[in-house]
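Here's the structure, in C-alpha cells; my notes come after.
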Amino acid sequence: RRAGLEAGKTVKLESNAALGFYLRVTCKEEKALRNNRKFTMLDVQKNGVRFTSRSVPLSCDPGGCGQLTVCSGSRRCSKLSSVNEEYSRSRGEYEEAQDAIVKEIINIASGYVDPLQTLSDVTAQLDAVVSLAVASVSAPVPYVRPRLLAKDQSPRRMQLLQARHPCMEADADTAFIPNDITFVQGEKSFYIIT
9 RRAGLEAGKT VKLESNAALG FYLRVTCKEE KALRNNRKFT MLDVQKNGVR FTSRSVPLSC
69 DPGGCGQLTV CSGSRRCSKL SSVNEEYSRS RGEYEEAQDA IVKEIINIAS GYVDPLQTLS
129 DVTAQLDAVV SLAVASVSAP VPYVRPRLLA KDQSPRRMQL LQARHPCMEA DADTAFIPND
189 ITFVQGEKSF YIIT
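Going by this note's numbering, the sequence shown opens with residue 9, and the numbers climb by one from there.
As C-alpha cells, this is what we get:
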C-alpha cells in the first residue's frame, strides 16, 4: 500500500533460500519503487523486481513483551523483516532438531544390523532349499537322491547322470534333453554344460 500498488495482483510475496521472504513486482510496476526510501531493491530479473522494506536497527517491542522487532523511525515495524528473521531462526532450530532426531534413529537402527543380517542369511538359505524342494516335487520326472562316495577315494569325482535344470524343465514349451557329466579332480579345469 505504501508504494501505491495493489497487494496480491501487482505485488507478490515470495521466498527462496538465499533471500528469505521478499516482495516482487513486474518490471513495469518498478517505477513506483524506484525513488521510494521505504523500500530496498534486492535485484532485477526478467520476471520482475525483488524488493523488501528498508532494514533498520533492532529495537524493543513497545508492548513490553520482550521480543525484538525491526522498527522504522515512526515506530511502525517492518513485518517482512521480522518475519524473515523469525523464519530463519525457526528454520535453524528445526534443522538442529531434525539432525538430532536423525542421529538418534541411526543409533537405534544400527543396533539391529547384526540380527537383520542373520535373518537375511537364514531367509536366503530357506528360500533356496524350499525352491529346490518345490522343483523336485513338481518335476515331470522324479529327482533321484544323490549317492555320496567316500571322501578319501582317489581321484575325487562327481558324476551327474541324466542331469536336468529345474527352470528349463518347468518350461513346457521347451524340449529338454537331460545331460550326463563327470567332474574328475585334476583332469579338466573348464567345462561347458548346455
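Even glycine gets a Cβ: it sits at the ideal position worked out from N, Cα and C. Quick caveat, the model's predicted, so the values are computed rather than measured.
Membership of Thr190 in the beta strand (DSSP E) is indicated by the continuous run Asn187 to Val192. Within the stretch 110-171, the runs of beta strand (DSSP E) that reach at least 3 residues and sit entirely inside it are, in chain order, 165-171.
The beta-carbon separation of Arg165 and Pro186, rounded to 19 Å, does not stay under the 8 Å limit for a contact. The straight-line gap separating the alpha-carbon atoms of Gln161 and Val192 is approximately 11 Å. Less than 8 Å separates the beta-carbon of Thr18 from that of Val33. Collapsing the DSSP output to three states places Asn24 in a strand.
Nearest to Asn43 by alpha-carbon distance, out of Ala158, Leu140 and Phe59, is Phe59. A distance of 8 Å or more separates the beta carbons of Pro148 and Glu112.
In terms of CA proximity to Ser90, Phe29 leads the group Phe29, Asp129 and Ala141. By the criterion of a C-beta distance shorter than 8 Å, Thr182 is surrounded in its chain by Met176, once the five residues flanking it on both sides are discounted. Pairing Leu88 with Leu31, the inter-Cα distance amounts to about 9 Å.
Pairing Gln167 with Gln133, the inter-Cα distance amounts to about 25 Å. Bridge pairing for Leu31: Leu21 and Phe59 [DSSP].
Of Asp188, Glu22 and Ser146, the smallest CA-CA separation from Asp179 is found for Ser146.
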